[in-house]
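Down below is the structure, laid out as structure tokens.
Here it is in structure tokens:
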């Protein structure tokens, strides 16, 4: 009898998990500007305060099974060697597990404000910085969703209540993805802008170098012309010098003959 009562009590507890949602309506909040893009996105997926209250009521169930969710998450990541290498290079699985536990529990706090959004942006910035591609982020979120749905399926027997829980969980996970993927896109735009600026700087630098080379070329051309002119003068000078040398040689030979004639005359005078 006691065991039957225990079973019935547990079933009642499972069925009443979502019935507690009204108790948290005053604790949950959406604190973003009413005319902001975030509010428009929340409206598009119909994420309301009632949904957040229901999400908050699921937090004890999620916290109770948080290790199962996180272990499954990183078990799947180990099948992708590239991802594991990224993790080992920049951190460790154990450290990231602690971060992920905190992250998931915050998702079920039922509070969406600037702090909540900024924390997701920081996550996206870190992922982008270490080279984690958006496709792996999306895959990991799908894996997390399946783990959470499995836990809900085991603990919520009412089909209607289960469907309600599934809807609100998919909404909050969807909004998470919107924040992170938008931040990813922003980081990519910044990176492309930085590359474009670098390309422009290189182009400008090359242009300046071309102008400098053109100026140097003109100076070199002028210098070559001057050298050519000097070379012509040298050739003329050398030619004149050669002619002068020939004349000197000729005169020298004539002088030598004259000296010989004078020497002969002297000899005759002596005789």
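Residue numbers (the numbering used here): 26 to 296. For every residue, glycine included, the Cβ atom is placed at its ideal position computed from N, Cα and C. Keep in mind the model is a prediction, meaning the values are calculated, not measured.
Within the region 84–146, ranges of the alpha helix (DSSP H) (whole runs, at least 4 residues): List check, alpha helix (DSSP H) in window: 91–102, 106–115, 118–132.
Label residue 221 either buried or exposed according to how many other C-beta atoms from any shown protein chain fall within 10 Å of its C-beta, with 16 as the threshold for buried. If you number the chain shown from 1, residue 221 lands on position 196. Exposed.
Does the region 131–141 come close enough to the region 44–60 that 3 or more CB-CB pairs lie under 8 Å? Yes: at least three Cβ pairs fall under 8 Å.
For the pair the region 58–77 and the region 153–171, tell me if three or more CB-CB distances fall below 8 Å. No: the two stretches stay apart, fewer than three of their Cβ pairs being nearer than 8 Å.
Below 6 Å CB to CB, which residues in the same chain sit around residue 37 once its five sequence neighbours on both sides are set aside? For the purposes of this step, residue 37 is taken as the residue at position 12 of the chain shown. At residue 37, the pLDDT of 46 sits below 50, so the modelled position is not reliable; the number obtained from the coordinates is stated separately. Cβ neighbours of residue 37 beyond the five flanking positions: none.
In its own chain, which residues sit with a C-beta less than 7 Å from the C-beta of residue 121, not counting the 5 before and 5 after it? For the purposes of this step, residue 121 is taken as residue 96 along the chain shown, with counting starting at 1. Sequence-distant partners of residue 121 (beyond 5 residues in either direction) whose C-beta falls short of 7 Å from its own C-beta, in its chain, are 112.
Environment of residue 81 [buried if 16+ CB atoms lie within 10 Å]: Taking the chain shown and counting its residues from 1, one reaches residue 81 at position 56. Residue burial annotation: residue 81 is buried, with at least 16 other C-beta atoms found within 10 angstroms of its C-beta.
Using a Cβ distance threshold of 8 Å, determine whether the region 190–204 contacts the region 163–173, with at least three qualifying pairs required. Short answer: they touch.
Helix, strand or coil at residue 55 [DSSP, three-state]: Indexing the chain shown from 1 puts residue 55 at position 30. Assignment of residue 55 by DSSP, reduced to helix, strand and coil, places it in the strand class.
Considering just the uninterrupted stretch of the alpha helix (DSSP H) at residue 66, what are its terminal residues? Working through the chain shown from its first residue, we reach residue 66 at position 41. Unbroken alpha helix (DSSP H) run through residue 66: 62–69.
Do you know offhand how far residue 248's Cα is from residue 241's? If you number the chain shown from 1, residue 248 lands on position 223. If you number the chain shown from 1, residue 241 lands on position 216. So the alpha carbons of these two residues sit roughly 10 Å apart.
Considering residue 180, what are the terminal residues of the alpha helix (DSSP H) in which it resides? As a first step, residue 180 is located in the chain shown; it is residue number 155 there, counting from the start. Unbroken alpha helix (DSSP H) run through residue 180: 159–180.
Around the Cβ of residue 239, are there at least 16 other Cβ atoms within 10 angstroms (buried) or fewer (exposed)? The residue labelled residue 239 in the question sits at position 214 within the chain shown. When all chains shown are included, residue 239 counts as exposed.
When the Cα atoms are used, what is the spatial distance from residue 183 to residue 131? In the chain shown, residue 183 corresponds to position 158, counting from 1. In the chain shown, residue 131 corresponds to position 106, counting from 1. Distance between the alpha carbons of residue 183 and residue 131 is about 26 Å.
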